[in-house]
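Taking numbering that gives the first Met the number 0, I'd label the letters of the sequence shown as residues 0 to 129.
A virtual CB, placed ideally from N, CA and C, is assigned to each residue, including glycine.
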Amino acid sequence: MSNKTDSKVPHFEAKSVMEIGTLIFFKKFALMKVKEGVHLGIDQIQKLEIILSQYYKDQPYGYICDKANSYSVNPLGYRALNNISQLKCFAVIKEYSNGHDIQVEKHFIKKPFNVFQTFEEAVQWIESFI
């Protein structure tokens, strides 16, 4: 992801490098790039919830998860994300999908949810909600 001035993609405002990956904050959404081989358990997702809530406070925002790397998730952890009223929608970037993991996530995430092949497509969709 570049941050060029001539790009249609918004500039990021802040970045948080964590054990599980990198969280990049934009004005209207956050992008999470999880490291290869990580397991996101309930504790990690709850920490992510706290960081997102502290950054965006009362401002509505979207969440984009980049699934370029292979990692596992305890889907019960997504319930924490459902409790964030400012989180309006959830997008996944996955170039190739067998569909199974996405269907599991859709079952647990009770926010508008969509899957995209590119970051730019995900941003357009997110911005239609915010």
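In three-state terms, what does DSSP make of residue i?
i    : result
V103 : helix
A13  : strand
G36  : coil
A67  : coil
F128 : helix
F25  : coil
N81  : helix
If you follow the alpha helix (DSSP H) that residue i is part of, which residue opens it and which one closes it?
i   : result
K46 : 41–55
Give me the Cβ distance between residue i and residue j, rounded to the nearest whole Å; I'm assuming they're in contact under 8 Å.
i    : j   : result
A121 : I63 : 5 Å
Using a threshold of 8 Å, state whether the C-beta atoms of residue i and residue j are closer than that.
i   : j    : result
Y95 : I44  : no
K66 : K105 : no
Y54 : F28  : no
Which residues does DSSP pair with residue i in a beta bridge?
i   : result
K87 : In DSSP, K87 forms no bridge with anything.
V72 : L39
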